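In our numbering, the protein residues as written are 152 to 286.
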């Protein structure tokens, strides 16, 4: 018998039976009829080296259900702002079209706010994003 624990995590199993973390069920972005893991998008963006921190979020959209937005901080010590165009090109080269972010914004706080566990506080960053007039 196998024991299953409802954790709210989404995982995938490979052909050898190993489980791989995909993301939190409550953080999934629902866009164009697809469920998208923010983690998959974030990994692509981190791999560019163009950000220090990044989160992908779903924002309400009347057509798509949710549109994908990135909120990021520039690399530590960077003198230039975020290179939105290069980040977007990396996403377009690597991700399916429905996973490519429609918006990229620089987080008003750097480093990004953290929760009690030391993880990026997604809800707080989203609140900053939605309430920041320049975004």
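Built from N, CA and C at the ideal position, the CB exists for glycine as well. All values reported here derive from a predicted model rather than from experimental measurement.
Judging by CA-CA distance, which residue of the options is the nearest neighbour of residue i?
{"i": "residue 216", "options": "239, 276, 274, 185", "result": "185"}
{"i": "residue 240", "options": "196, 189, 164, 270", "result": "196"}
{"i": "residue 178", "options": "259, 208, 199, 198", "result": "208"}
{"i": "residue 198", "options": "183, 187, 245", "result": "245"}
{"i": "residue 259", "options": "188, 187, 190, 278", "result": "278"}
{"i": "residue 200", "options": "268, 187, 235, 267", "result": "235"}
Do residue i and residue j have their C-beta atoms within less than 9 Å of each other?
{"i": "residue 254", "j": "residue 206", "result": "no"}
{"i": "residue 233", "j": "residue 257", "result": "yes"}
{"i": "residue 204", "j": "residue 224", "result": "yes"}
Using the Cα positions of residue i and residue j, report the straight-line distance between them to the nearest angstrom.
{"i": "residue 276", "j": "residue 168", "result": "36 Å"}
{"i": "residue 202", "j": "residue 166", "result": "34 Å"}
{"i": "residue 229", "j": "residue 249", "result": "30 Å"}
{"i": "residue 181", "j": "residue 231", "result": "33 Å"}
{"i": "residue 173", "j": "residue 192", "result": "Any answer about residue 173 is weak, because its pLDDT of 49 lies below 50 and its placement is not dependable; what the coordinates show is given next. Each residue's alpha carbon lies about 11 Å from the other."}
{"i": "residue 211", "j": "residue 221", "result": "14 Å"}
{"i": "residue 237", "j": "residue 164", "result": "33 Å"}
{"i": "residue 226", "j": "residue 183", "result": "31 Å"}
{"i": "residue 214", "j": "residue 242", "result": "21 Å"}
{"i": "residue 274", "j": "residue 247", "result": "26 Å"}
Assuming residue i is part of the beta strand (DSSP E), what are its boundary residues?
{"i": "residue 204", "result": "204-212"}
{"i": "residue 261", "result": "First-last for residue 261: undefined, no H or E at that position."}
{"i": "residue 217", "result": "216-224"}
{"i": "residue 181", "result": "180-182"}
So residue i is in the alpha helix (DSSP H); what residue range does that whole segment cover?
{"i": "residue 240", "result": "235-245"}
{"i": "residue 198", "result": "189-199"}
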